[in-house]
Amino acid sequence: MNKSKLGLPIGTTLDRFIKRKEEEFSYATGELSQLLRDIALAGKIINKEVNKSGLLDITGGVGGKNVQGEDQQKLDVVANIRFTRALKNGGMTCAIVSEENRKIIHLNPNCRYVAAIDPLDGSSNIDVNVSIGTIFSIYKRISPVGSRVREEDILQKGTEQVAAGYILYGSSTMLVYTTGRGTHGFTLEPSLGEFVLSHDSITCPENGKIYSINEGNFYKFDPWVREYIEECKQNQLSARYIGSLVADFHRNMMKGGIYLYPNTEKDPNGKLRLLYECNALGFIAEQSGGLATDGHQRIMTIQPETLHQRTPLYLGSAKMVEKAVSLIPATL
Ligand code: P6P
2 MNKSKLGLPI GTTLDRFIKR KEEEFSYATG ELSQLLRDIA LAGKIINKEV NKSGLLDITG
62 GVGGKNVQGE DQQKLDVVAN IRFTRALKNG GMTCAIVSEE NRKIIHLNPN CRYVAAIDPL
122 DGSSNIDVNV SIGTIFSIYK RISPVGSRVR EEDILQKGTE QVAAGYILYG SSTMLVYTTG
182 RGTHGFTLEP SLGEFVLSHD SITCPENGKI YSINEGNFYK FDPWVREYIE ECKQNQLSAR
242 YIGSLVADFH RNMMKGGIYL YPNTEKDPNG KLRLLYECNA LGFIAEQSGG LATDGHQRIM
302 TIQPETLHQR TPLYLGSAKM VEKAVSLIPA TL
């Protein structure tokens, strides 16, 4: 049986993997482990709904807009409900900030962990059967256990994350997460209904031949972004952009590549959200040897000011990110 780099056999279930990792921490109480199980459970439930969305009347828009002003898809709402319920019933989470909710969702004040989630990212792709994903970020609360959660419990820098990851609903469904000791990938075995270890100690190649950016915005980008895109073409890199951050990031992390969502005049802070998209993927990227920056600093060192604040994002293979941001004038 082929062993993983961690000495655990490929095919180890997520439960057993989490338990084994928990045993490495004498102070571990099992709460974070249970929280990760709650997230995996929510992922399995959403996976079922995503897989049959074309058969049930849960595709398309609900007619409303989320806090971002984006058209809410039925599956966005369903995924948000599923995640909130799984974390609430799991009993380890005191509060959630979600892309789908303007305010903090208060759960059990006697718990230590807060979660920041994008329940279903790339939702515009739901109706056309393109991969979509869930993104999550976990922090330890700052305020005393038992008290009502405050914004400061959630507005923490990405460097304070205790865990982060994503679930990719693609050709197979994968859960990829880190607790700060490497990045590990688990593939859902549908016949078992279990996530099993398939990619342990994922490393992002330091260079690659894929760049992911919405070139439809080319004439809105700053000159240095346009210069970088031109260089990618001159170097005959491959343009791959499917409009699902999780899918684009996962492919680039496995094969080497860069994802860029720069700011434009229309979106001076970019489009992507710091708390529940960029910090989580930044943690995963850095734990895999990659980089995540807003063009000036590590994404994970940005001090959040508001729950749904946005940031420009340069994410992926270290040398590609370094090259892209090297073109940004220092004066900015
Ligand atoms: P655009 C999806 O809405 C998302 O947040 C990411 O998943 C995706 O990479 C990006 O926005 C797509 O945005 O402006 O290129 O359509």
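Each residue of the sequence shown is one higher than the last, beginning at 2 in the numbering used here. The beta-carbon is built from N, C-alpha and C at its ideal position, and this holds for glycine as well.
By the Cβ criterion, the stretch 260-276 is in contact with the stretch 314-332, since at least three pairs of Cβ atoms, one from each stretch, lie closer than 8 Å. No Cβ-Cβ contact shorter than 8 Å links threonine 184 with methionine 175. Of the candidates Gly91, Arg103, Asp122, the residue whose Cα lies closest to the Cα of asparagine 111 is Gly91. In terms of CA proximity to valine 78, Glu101 leads the group Gly186, Arg86, Glu101, Asp201. Look at the stretch 135-211 and you find these whole runs of alpha helix (DSSP H), each 4 residues long or longer: 152-155. In the structure shown, serine 213 falls within a strand segment according to DSSP collapsed to helix, strand and coil. Judged by their CB atoms, asparagine 270 and isoleucine 211 are not nearer to each other than the 8 Å cut-off. Ranking Val150, Asp249, Ser213 by CA distance to the CA of asparagine 109 puts Val150 first.
Ligand 1 has a heavy atom closer than 7 Å to the beta-carbon of lysine 272. Pairwise C-beta distances place the stretch 117-129 in contact with the stretch 271-278, as three or more of them are shorter than 8 Å. By the criterion of a C-beta distance shorter than 8 Å, asparagine 126 is surrounded in its chain by Ser132, Ile133, Ile243, Gly244, Ser245, once the five residues flanking it on both sides are discounted.
Apart from sequence neighbours up to five positions away, the residues of its chain that approach alanine 325 with a beta-carbon distance below 7 Å are Tyr229, Ile259, Leu261, Tyr315, ordered along the chain. Per DSSP, the beta-bridge partners of arginine 299 are Thr294. Across the set Leu273, Glu195, Lys104, the C-alpha of Leu273 shows the shortest separation from the C-alpha of glycine 123. In this model, cysteine 205 and phenylalanine 18 are separated by some 22 Å (Cα to Cα).
In the DSSP secondary-structure assignment, aspartate 122 is bridged to Gly134. Put simply, of Val129, Ser34, Ile11 the residue whose alpha carbon is nearest the alpha carbon of valine 51 is Val129. Per DSSP, the beta bridge partners of leucine 316 are Tyr260, Ala293.
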